[in-house]
Each structure stands twice: as structure tokens, then as C-alpha cells.
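Asker:
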Amino acid sequence: MSVKRLDSTKPIIEITWEGIVSPEQVDQVNAEIEKIAPQLGQPFDVLVDMIHMKAFPQDTKEKMVEHQKRLKDLGMKRASVAVGGAIAKMQLNRISKESEHQTEFQWETYDEALEFLLK
21 MSVKRLDSTK
31 PIIEITWEGI
41 VSPEQVDQVN
51 AEIEKIAPQL
61 GQPFDVLVDM
71 IHMKAFPQDT
81 KEKMVEHQKR
91 LKDLGMKRAS
101 VAVGGAIAKM
111 QLNRISKESE
121 HQTEFQWETY
131 DEALEFLLK
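Numbered according to this note's numbering, the sequence shown spans residues 21 to 139.
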């Protein structure tokens, strides 16, 4: 799990989720985003790498709904997500629906997700 400002001329935050994500990891990511987002100004994009993520346990899914809502509140314009497995993709779709996140785009590879945001 990691969060960083992408080295790009466009304002992009990169989030990487790996393995089985815990609620504590979501809190850590949110804390980092709270530091980075004000530096980017509004709006900004989010690149999410979930290629090596296995699943969100139930308690983490609830945190992820809050996480997505918070990103929107901070000024996220859109999210481009590289999703690995079918289970993660299904969970992500459910989370996005619950958080009313309408500007999420999913891709098979990291490069496709990145390319979308750099256009």
C-alpha cells in the first residue's frame, strides 16, 4: 500500500493497494491524501493500482466507501483504476455505487489507467 503525488504535469495522486487491505491501511492512505491533495489544488485525478490486491474484507469495504466520498470532497475529478482480479472488480463496483462515485474508470493494466489520465 502506498500513496504519492505522481510525477506528472497534471495533478494526479497515485494509490497502490496490495494483498488483503485492512481498515487501518485505508486510514493511513487517507491521512497521506489529506497532506497531498492541498498541494495539487482542485480538481485533481487519482490513479489507483489494484493489480496485486486480493480483496477488501467487509469492515474495509465500509471504510472504502468513506474513502471515496472523502476524495470527492477534497476535489477529485475522476479516478482511473487498474483492477486485477474479478473479485476486486466486483467489490470496487459495489463500493463506487455506495459512495455515489460516478467518475471511476476501470482498466486491465496500470499503463492503460495512466494513459487515460494523461490524455
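We put the CB at the ideal spot given by N, CA and C, even for glycine. Treat the numbers as computed from the prediction; the structure is a model and nothing was measured.
In angstroms, rounded to a whole number, what distance separates the CA positions of methionine 96 and threonine 36?
Answerer: 16 Å
Asker: For lysine 30, which of helix, strand or coil comes out of DSSP?
Answerer: coil
Asker: Tell me the residue span of the alpha helix (DSSP H) that contains valine 49.
Answerer: 43-60
Asker: Could you say which of Pro31, Arg114, Lys24 and Met84 lies nearest to leucine 137 if we only look at CA atoms?
Answerer: Pro31
Asker: Can you give the beta carbon distance from glutamate 52 to valine 85, rounded, assuming they're within the 8 Å contact cut?
Answerer: About 19 Å; that fails the 8 Å criterion.
Asker: If you draw a straight line from the alpha carbon of glutamate 128 to that of alanine 102, how long is it in whole angstroms?
Answerer: 6 Å
Asker: Among all the DSSP beta bridges, which residues are the ones paired with glutamine 122?
Answerer: Answer by DSSP bridge pairing: none, since glutamine 122 is not bridged.
Asker: Does the distance from the C-beta atom of leucine 145 to that of arginine 25 stay below 8 Å?
Answerer: As shown, the chain starts at 21 and ends at 139. That puts residue 145 outside it, with no answer to give.
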